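Peer 1: The listed protein sequences derive, respectively, from chains A and B. Just so you know, we're using numbering that gives the first Met the number 0 here: the first sequence kicks off at 0 and counts up by one. Just so you know, we're using numbering that gives the first Met the number 0 here: the second sequence kicks off at 0 and counts up by one. Can you keep this structure in mind? I'll have questions shortly.
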Amino acid sequence: MGTAIVILILAAIVGAIIRSLVKAHKRGEHPACGGDCSHCGGCH
Amino acid sequence: MGIRIALAGNPNCGKTTLFNALTGSNQFVGNWPGVTVEYKEGKYKGDKEVTIVDLPGIYSLSPYTLEEVVSRNYLIDEKPDAIINVIDGTNLERNLYLTTQIVELGIPVVIAINMMDVVEKNGDKIYAKKLSEEIGVPVIEISALKNRGLKEIVDAAVKAGKEANPQSPKHRFDGSVEHALAHIEELCLHNIDDENVQRWYSIKLFERDEKIQEKLGLSSDVIEHIEKDIKSCEKEMDDDSESIITGERYNYIGTIINGCVKKAAKGLTTSDKIDQIVTNRFLALPIFAVVMFIVYYVSVTTVGSWATDWANDGVFGDGWHLFAIGSKAYTEAADEYTANQLIVDGYDLIVEETGAEPTGEFEYPVEDEETAAVEYEKATLDDYEAAKAYVESNEEPDPANYGVWIPGIPVFVEAGLDAINCNDVVKGLILDGIVAGVGAVLGFVPQILVLFIFLAFLEACGYMARVAFIMDRIFRKFGLSGKSFIPMLIGTGCGIPGIMASRTIENDRDRKMTIMTTTFIPCGAKLPFIAMVAGAIFGGAAWVAPSAYFLGIFAIITSGIMLKKTKMFAGDPAPFVMELPAYHWPTVGNVLRSMWERGWSFIKKAGTIILLSTIVVWFCTFFGVVDGAFTMLEEDQIDHSILAAIGKALAWIFIPLGFGDWEATVASITGLVAKENIVGTLAIIYGASGDVYETMRSAFTNASGFAFLAFNLLCAPCFAAMGAIKREMNNTKWFWRAIGYQCGFAWVIGLIIYQVGKVFTGEGFTFGTIFGLAAICCLIYGLVRKDKYNK
Numbered sequence: 000m001g002t003a004i005v006i007l008i009l010a011a012i013v014g015a016i017i018r019s020l021v022k023a024h025k026r027g028e029h030p031a032c033g034g035d036c037s038h039c040g041g042c043h
Numbered sequence: 000m001g002i003r004i005a006l007a008g009n010p011n012c013g014k015t016t017l018f019n020a021l022t023g024s025n026q027f028v029g030n031w032p033g034v035t036v037e038y039k040e041g042k043y044k045g046d047k048e049v050t051i052v053d054l055p056g057i058y059s060l061s062p063y064t065l066e067e068v069v070s071r072n073y074l075i076d077e078k079p080d081a082i083i084n085v086i087d088g089t090n091l092e093r094n095l096y097l098t099t100q101i102v103e104l105g106i107p108v109v110i111a112i113n114m115m116d117v118v119e120k121n122g123d124k125i126y127a128k129k130l131s132e133e134i135g136v137p138v139i140e141i142s143a144l145k146n147r148g149l150k151e152i153v154d155a156a157v158k159a160g161k162e163a164n165p166q167s168p169k170h171r172f173d174g175s176v177e178h179a180l181a182h183i184e185e186l187c188l189h190n191i192d193d194e195n196v197q198r199w200y201s202i203k204l205f206e207r208d209e210k211i212q213e214k215l216g217l218s219s220d221v222i223e224h225i226e227k228d229i230k231s232c233e234k235e236m237d238d239d240s241e242s243i244i245t246g247e248r249y250n251y252i253g254t255i256i257n258g259c260v261k262k263a264a265k266g267l268t269t270s271d272k273i274d275q276i277v278t279n280r281f282l283a284l285p286i287f288a289v290v291m292f293i294v295y296y297v298s299v300t301t302v303g304s305w306a307t308d309w310a311n312d313g314v315f316g317d318g319w320h321l322f323a324i325g326s327k328a329y330t331e332a333a334d335e336y337t338a339n340q341l342i343v344d345g346y347d348l349i350v351e352e353t354g355a356e357p358t359g360e361f362e363y364p365v366e367d368e369e370t371a372a373v374e375y376e377k378a379t380l381d382d383y384e385a386a387k388a389y390v391e392s393n394e395e396p397d398p399a400n401y402g403v404w405i406p407g408i409p410v411f412v413e414a415g416l417d418a419i420n421c422n423d424v425v426k427g428l429i430l431d432g433i434v435a436g437v438g439a440v441l442g443f444v445p446q447i448l449v450l451f452i453f454l455a456f457l458e459a460c461g462y463m464a465r466v467a468f469i470m471d472r473i474f475r476k477f478g479l480s481g482k483s484f485i486p487m488l489i490g491t492g493c494g495i496p497g498i499m500a501s502r503t504i505e506n507d508r509d510r511k512m513t514i515m516t517t518t519f520i521p522c523g524a525k526l527p528f529i530a531m532v533a534g535a536i537f538g539g540a541a542w543v544a545p546s547a548y549f550l551g552i553f554a555i556i557t558s559g560i561m562l563k564k565t566k567m568f569a570g571d572p573a574p575f576v577m578e579l580p581a582y583h584w585p586t587v588g589n590v591l592r593s594m595w596e597r598g599w600s601f602i603k604k605a606g607t608i609i610l611l612s613t614i615v616v617w618f619c620t621f622f623g624v625v626d627g628a629f630t631m632l633e634e635d636q637i638d639h640s641i642l643a644a645i646g647k648a649l650a651w652i653f654i655p656l657g658f659g660d661w662e663a664t665v666a667s668i669t670g671l672v673a674k675e676n677i678v679g680t681l682a683i684i685y686g687a688s689g690d691v692y693e694t695m696r697s698a699f700t701n702a703s704g705f706a707f708l709a710f711n712l713l714c715a716p717c718f719a720a721m722g723a724i725k726r727e728m729n730n731t732k733w734f735w736r737a738i739g740y741q742c743g744f745a746w747v748i749g750l751i752i753y754q755v756g757k758v759f760t761g762e763g764f765t766f767g768t769i770f771g772l773a774a775i776c777c778l779i780y781g782l783v784r785k786d787k788y789n790k
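If you want it as structure tokens, here you go:
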């Protein structure tokens, strides 16, 4: 039971990370770059 | 109805500082020109209906540079409701040159004389009211840094924008110029909808601005007709049209300055005095070298190292004593116990090796924790008896029994997982994968923050602008422009904005070469790796971290010299004109904000990309095929892992560089996702065999360790930076050329370091050393060979 809960939490975290990366990508941001690159498109 | 206000002005006059102050934004502010390459928008804090647009700094509205094109196109095509022309009050004359052009655009203008605090400190006086009368637009004194006059300037701009009644330029050129302008207007501009901008167009056509001719779609007949008017004026004034306009504008500015500015009589300013030393022909470079040495030494070896040790050993390790209470007592007890244990172990070792007990004084090994150097100390049989009695009657000290002990994150997590009876596979994934990998990267946050504080200070105080000026003198000798150094300065934070900043270089060949070499400078993401190598392989030696920075500069200069001699990059370097801003103490807020922005992006990356990577790396490390079956591996079986298979397939590439094992190979590969991954990957792989630093120390020699460092510093950057290179190159062939060159150059430098370095580190002269020496000869040939293409 404990293992299942941990796996669920892990899956949720990984899902949230992937979702945030995809959303950031759509916004024109990239987590590797600290600057506001919404205008630059340098990462795409 | 919304109002759009554009901030326009010379580079480094404080537009971005004003933009941040007005919008509450956190755009990067640097005390050198060219920080803003593209325009940015933000809402005014005091009224969300007001949009503020920060334009790149420009010296004129002529399309000489990319920034000028971006700013000019925005002002003409987007037509903001009003323009705040930001002027550096300490350099009024040069700043007003742009003003004389902006007021001709037919857009309401308000002038903000910035840096009034510095003007007043210098004892100078600017008569704003008179200046306003002379130019015909409102003039307001401000200090963006001190939040002075900000509301007034926005209110004035909003009022001007709402009234939509553009000023009529007060300046009139010489009679013959005005005559030519009138002809041009009559000939082709009378049907333009916005008659306010007719004058500006006519001046640009008089200057033979091809982009404007194109924009207006003029026929060749009309252009020919205009040419007659221009030539007639040029003949009369005995100069070319562009120079005529420039000269006339400066004459006009001269009359304004005479009436509106009173300079305090004085000798050299403080900035001038500092520059006499800092930019001195002989002292400049040694000073720069010392400054950067101190920056990296303090960041990695002293302050940063103490903090990182606490983060690595405490927060992401076993734990730490709160406020160091009990730490001293525990250390003393642990040292005493270890000293006795070493004597007992030494005695037992002799018995094990010789099969006989020592009969008198004997030697036992003691390993230095920092350097891993083993020294032998002597003990008598009495010492052994006493040590044995101590070890038998005492237990190894537990830090939790001293002071207030806070367990580290891994201890907490492990206890939690044990409490819920978590499966061993999942427990391994969390502890050996995520916590070990992400923890190893996050453990370096203190060092990163200290480095970023230093860099932010050097940038904001104006020193880094001097460095570009100093480097221009050196770069020029090798056919490079100092302008190439600006992207490299920006690249110390992150390579991506550094690569983007190369847009300011007009010469296409220089720009491409700058893109190829910018990422040689170690970015913030490489710092954890540098610190890890310095700590694990070189026992925390102070020279390792600064040498990484200087290796980057060496790589840029040698690449510049060699590439400039090729047909692809031949040509004179572009002239580098840069204003050296006055030195000033940066505000604490600005420095901390800059540090935090960069630091936060590092932390964010650790929580996203690095975390995902550690899961993949853990899976590939602890799963593999044993006896024909795909299974989870024990710690001593990871040689059969997926990662080991990948690493072994590629490790031959790095054999000549001294780190041809699968562990170092896969770390170099995962570093392409994000450079911090090298640390995370090594922590997972080496952590499986025991202490990460100890295992790493045994896996590398000094020569192979430095070759490993050099290769990963100079080879292709992370995928995100590669994306930026691809975009800026705008050509697939050029992109692969850049990546190929970076990897090839890094490999050659790694080869030289290892093969020649091992001769000096006592590993001897081998067959490979000949290849290392041959690589040096090739490098020297590339540097000194005759230049066929540049005269």
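Ideal Cβ positions, reconstructed from N, Cα and C, are used throughout, including at glycine. Values in this document were obtained by computation on a predicted structure and should not be read as measured data.
Could you pull the DSSP bridge partners for H320(B) from this structure?
Peer 2: Per DSSP, W404(B).
Peer 1: Measure the Cβ-Cβ separation of I125(B) and I112(B) and say whether it is below 8 Å.
Peer 2: The answer is yes: Cβ separation under 8 Å.
Peer 1: Under 8 Å Cβ-Cβ, which residues of chain A neighbour C421(B)?
Peer 2: The answer, in chain order, is G1, T2, V5.
Peer 1: Quick one: Cα of F528(B) to Cα of V410(B), how far?
Peer 2: Rounded to the nearest angstrom, the two C-alpha atoms are 25 Å apart.
Peer 1: Look up V466(B) in the DSSP assignment and give the residues it is bridged to.
Peer 2: In the DSSP output, where bridge partners are listed per residue, V466(B) has none listed.
Peer 1: Nearest by alpha-carbon distance to Y363(B): which of S480(B), A338(B), V153(B), L642(B) is it?
Peer 2: Comparing Cα-Cα distances from Y363(B) to each of S480(B), A338(B), V153(B), L642(B), the minimum goes to A338(B).
Peer 1: Could you list which residues in chain B have their beta carbon closer than 9 Å to that of V13(A), in chain order?
Peer 2: What V13(A) touches in chain B: L610, L611, I614.
Peer 1: So, helix, strand or coil for V136(B), using DSSP?
Peer 2: Coil at V136(B), not helix or strand.
Peer 1: Count the other C-beta atoms from every protein chain shown that fall within 10 angstroms of the C-beta of C777(B), then say buried if there are 16 or more, exposed otherwise.
Peer 2: C777(B) is exposed by the Cβ-count criterion.
Peer 1: Using a Cβ cut-off of 8 Å (strictly closer), state whether L416(B) contacts chain A.
Peer 2: By this cut-off, L416(B) is an interface position.
Peer 1: Give the residues of chain A in contact with V425(B), contact being defined as C-beta atoms less than 8 Å apart.
Peer 2: Correct list: T2, V5, I6, L9.
Peer 1: Nearest to M512(B) by alpha carbon, out of F568(B), N420(B), G494(B), F601(B)?
Peer 2: Per the Cα distances, F568(B).
Peer 1: Would you call the CB atoms of G559(B) and L479(B) closer than 8 Å?
Peer 2: Yes, Cβ-Cβ distance for G559(B) and L479(B) is below 8 Å.
Peer 1: Taking contact to mean 3 or more Cβ pairs, one atom from each stretch, closer than 8 Å, check whether the stretch 534-548 of chain B and the stretch 715-733 of chain B are in contact.
Peer 2: Short answer: they don't touch.
Peer 1: By the criterion of Cβ-Cβ separation under 8 Å, what are the contact partners of T607(B) in chain A?
Peer 2: Under the 8 Å cutoff, chain A gives I16, S19, L20, P30.
Peer 1: Should R726(B) be flagged as near chain D, meaning a C-beta pair shorter than 8 Å?
Peer 2: Considering every chain present, this structure includes no chain D. Its protein chains are A and B.
Peer 1: Taking contact to mean at least 3 C-beta pairs separated by less than 8 Å, is the stretch 128-144 of chain B in contact with the stretch 202-215 of chain B?
Peer 2: No: the two stretches stay apart, fewer than three of their Cβ pairs being nearer than 8 Å.
Peer 1: Within 10 Å of its beta-carbon, does S501(B) have 16 or more other beta-carbons around it, so buried, or fewer, so exposed?
Peer 2: The residue is buried, with at least 16 neighbouring Cβ atoms inside 10 Å.
Peer 1: I'd like to know whether the C-beta atoms of Y38(B) and Y96(B) end up nearer to each other than 8 Å.
Peer 2: No, these two residues do not count as a Cβ contact at 8 Å.
Peer 1: Return the CA-CA distance between I4(A) and V13(A), expressed in angstroms with no decimal places.
Peer 2: Using only the alpha carbons, I get a separation of about 14 Å.
Peer 1: Determine contact between the stretch 664-673 of chain B and the stretch 710-723 of chain B, defined as no fewer than three beta-carbon pairs at a distance below 8 Å.
Peer 2: Taking 8 Å as the limit for Cβ pairs, the verdict is that the stretch 710-723 of chain B does touch the stretch 664-673 of chain B.
Peer 1: Please determine, among A464(B), L348(B), T760(B), Q636(B), the residue with the shortest C-alpha to C-alpha distance to P10(B).
Peer 2: Minimum Cα distance to P10(B) is reached at A464(B).
Peer 1: Expressed to the nearest angstrom, what Euclidean distance is found between the alpha-carbon atoms of P521(B) and I555(B)?
Peer 2: Answer to the nearest angstrom: the Cα atoms are 12 Å apart.
Peer 1: Is K787(B) buried or exposed, if buried means 16 or more other CB atoms sit within 10 Å of its CB?
Peer 2: When all chains shown are included, K787(B) counts as exposed.
Peer 1: Less than 8 Å separating the beta-carbons of A179(B) and D116(B)?
Peer 2: Not a contact, by the Cβ cut-off of 8 Å.
Peer 1: Beta carbon of A605(B), beta carbon of L441(B): below 8 Å?
Peer 2: In this structure, L441(B) lies closer than 8 Å to A605(B) by Cβ.
Peer 1: Could you tell me which residues DSSP puts in a beta bridge with N84(B)?
Peer 2: Answer is A7(B), I110(B).
Peer 1: Going by other Cβ atoms of all chains shown within 10 Å of its Cβ, with 16 needed for buried, is T22(B) buried or exposed?
Peer 2: It counts as buried.
Peer 1: Quick one: what's V625(B) bridged to in DSSP?
Peer 2: Paired residues: A628(B).
Peer 1: Only counting runs of 4 or more residues, tell me where the alpha helix (DSSP H) segments fall wholly within the stretch 118-165 of chain B, in order along the chain.
Peer 2: Those alpha helix (DSSP H) runs which fall completely within the stretch 118-165 of chain B and span 4+ residues are 127-134, 149-162.
Peer 1: Quick one: what does DSSP say S231(B) is sitting in, helix, strand or coil?
Peer 2: Three-state result, S231(B): helix.
Peer 1: How do the stretch 409-425 of chain B and the stretch 375-391 of chain B stand: do at least 3 beta-carbon pairs fall below 8 Å, yes or no?
Peer 2: No, the stretch 409-425 of chain B does not touch the stretch 375-391 of chain B.
Peer 1: Using only CA atoms, which one of A355(B), A5(B), Y346(B) lies nearest to V365(B)?
Peer 2: Of the candidates A355(B), A5(B), Y346(B), the one whose C-alpha sits nearest the C-alpha of V365(B) is Y346(B).
Peer 1: Quick one: grab the DSSP three-state call for I57(B).
Peer 2: In this structure, I57(B) counts as coil in the three-state DSSP scheme.
Peer 1: Under 7 Å Cβ to Cβ from C39(A), same chain only, skipping five residues before and after it: list those, please.
Peer 2: Since pLDDT at C39(A) reaches only 42, below the 50 mark, its modelled position is unreliable, and no value is offered.
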